[in-house]
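**Q** Residues in the sequence shown are numbered consecutively from 1, following the UniProt record's numbering. Even glycine gets a Cβ: it sits at the ideal position worked out from N, Cα and C. Just dropping this structure here.
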Amino acid sequence: MDFRVLQTFVMAATTENFHQTAEALFIAQPTVSQHIRLLEKELGIKLFERVGKRVRLTPAGKRYLPHARGILEQWHNGMEDLMAWRQGYREKLHVAVSPIIARTRLPHLLHRYTKQYPDVDVSIKLADSVEIGPLVQSGQADIGLTRMIPGELQLSVYKLYEDPVVFAVPHNGGDMDAPLPDWEHELQTQRLLTHNHPVYWDDLLLMLRQRGLSLRTMAVSHVDITKWFIEEGLGVSFLPRSAISRELFENRFIELPTPGLLMPKAASYLLVPKTGISEAAQGFTDILAGLYAPMTPIH
């Protein structure tokens, strides 16, 4: 079977338009029609039907679509594996990691790992912390670096490090020697950007409200967007210090002290399958163990 024909079929099923399919695949529109006719002839069944200027899958086409996608995925995986082998890679390592860890800690880890294990083909998948446990348990990732303890029981979990959470406000560009503003006043006069971390926000908000503080909040799920909003004057937030280290160094943010408030800490965790890991994954965990010893087992 010509894989280009399958690729045309999958794209046409996505766009429901042969002209858009041709543009997406950089081929002529008559070639799209030819590919579909070839596939229908080979399968002995009609895959598309016309609806005005568009097309849509027949019931047979809908049934065949996941099989076509699976065949293409296997073909692409095979090609990637062969190309990696030709480049000198002998093993693969799939790491699922939260964006904040990828930005703050992962570059240093990768420098050390790729220098020590140059024959390992490393792939990085960014995912929200809540998604990383299922990725590791299902085998889609060999190891995970996450900001929360997962609910999956077939995983071994190790705490790597704790990061202090700090109150971040935009720098006003004024006198560096001027006294810092009062944190409670800032909190009640600015919008509080919340839920950019998967763990500590509910308890933190409860503590703030127990102090009688009047809060206006806005939930922003990603740290990067939270930081951008702070710089744009849209609010303030409680963030792990490592997430804003550059902004603090460049005097774009101010870390306000919060006397009387018990601040949480944001931990990061290593996830590995309890069934065992590959040599490539073991090498990565050995580097982590050297950097963050002792790694505390959670379960």
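Which one or two residues does DSSP pair with L57 in a beta bridge?
**A** Paired residues: F48.
**Q** Can you find the residues in the same chain that come closer than 6 Å, C-beta to C-beta, to L39, ignoring five residues on each side of it along the sequence?
**A** V5 and F9, listed in sequence order.
**Q** When you compare only the Cα positions, how much space is there between I27 and F18?
**A** Going from the Cα of I27 to the Cα of F18 covers about 11 Å.
**Q** Looking at L187: is its Cβ nearer than 8 Å to the Cβ of V236?
**A** Yes, Cβ-Cβ distance for L187 and V236 is below 8 Å.
**Q** Could you name the residues that DSSP lists as bridge partners for F253?
**A** Partner(s): P170.
**Q** Determine which residues share a DSSP beta bridge with T217 and list them.
**A** BP columns for T217 point to L192.
**Q** For F3, does the count of other Cβ atoms within 10 angstroms reach 16, so buried, or fall short, so exposed?
**A** F3 is exposed by the Cβ-count criterion.
**Q** Which two residues bound the contiguous beta strand (DSSP E) that contains H94?
**A** Where H94 is concerned, the enclosing beta strand (DSSP E) stretches over E91 to V97.
**Q** What residues in its chain sit with their C-beta under 6 Å from that of T226, if we drop five residues either side in the sequence?
**A** Closer than 6 Å at Cβ, skipping near neighbours: L193, N196, V220 and S237.
**Q** As a quick exercise: from K46, P59 and S138, pick the residue whose alpha carbon is nearest that of P273.
**A** Minimum Cα distance to P273 is reached at S138.
**Q** Excluding the 5 residues flanking Q29 on each side, which residues of the same chain have their C-beta closer than 7 Å to its C-beta?
**A** Only F18, H19 and A22 meet the Cβ criterion.
**Q** With Y269 as the anchor, note down where its alpha helix (DSSP H) starts and where it stops.
**A** Segment K265 to P273 is the beta strand (DSSP E) holding Y269; no alpha helix (DSSP H) there.
**Q** By the three-class DSSP mapping on this structure, what secondary structure does T114 have?
**A** It is helical.
**Q** For V122, collect the residues of the same chain with a Cβ closer than 6 Å to its Cβ; drop the 5 residues on either side in sequence, then sort them by chain order.
**A** Contacts found: L93.
**Q** What are the boundary residues of the alpha helix (DSSP H) that I149 is part of?
**A** Careful: I149 lies outside any alpha helix (DSSP H) and carries neither H nor E.
**Q** Please go through the same chain and pick out, in chain order, the residues whose beta-carbon is closer than 6 Å to the beta-carbon of H35, but skip the five residues on each side of it.
**A** Cβ within range, chain order: V5 and T8.
**Q** Taking DSSP as the reference, what is the three-state secondary structure of P294?
**A** Three-state result, P294: coil.
**Q** Excluding the 5 residues flanking S214 on each side, which residues of the same chain have their C-beta closer than 8 Å to its C-beta?
**A** Q188.
**Q** What does DSSP give as the partner residue(s) for Y161 in the beta ladder?
**A** Answer by DSSP bridge pairing, in chain order: S268.
**Q** By DSSP, does L43 sit in helix, in strand, or in coil?
**A** It is helical.
**Q** On the DSSP letters alone, give me the boundaries of the alpha helix (DSSP H) that P181 sits inside.
**A** Where P181 is concerned, there is no enclosing alpha helix (DSSP H), given that its DSSP letter is neither H nor E.
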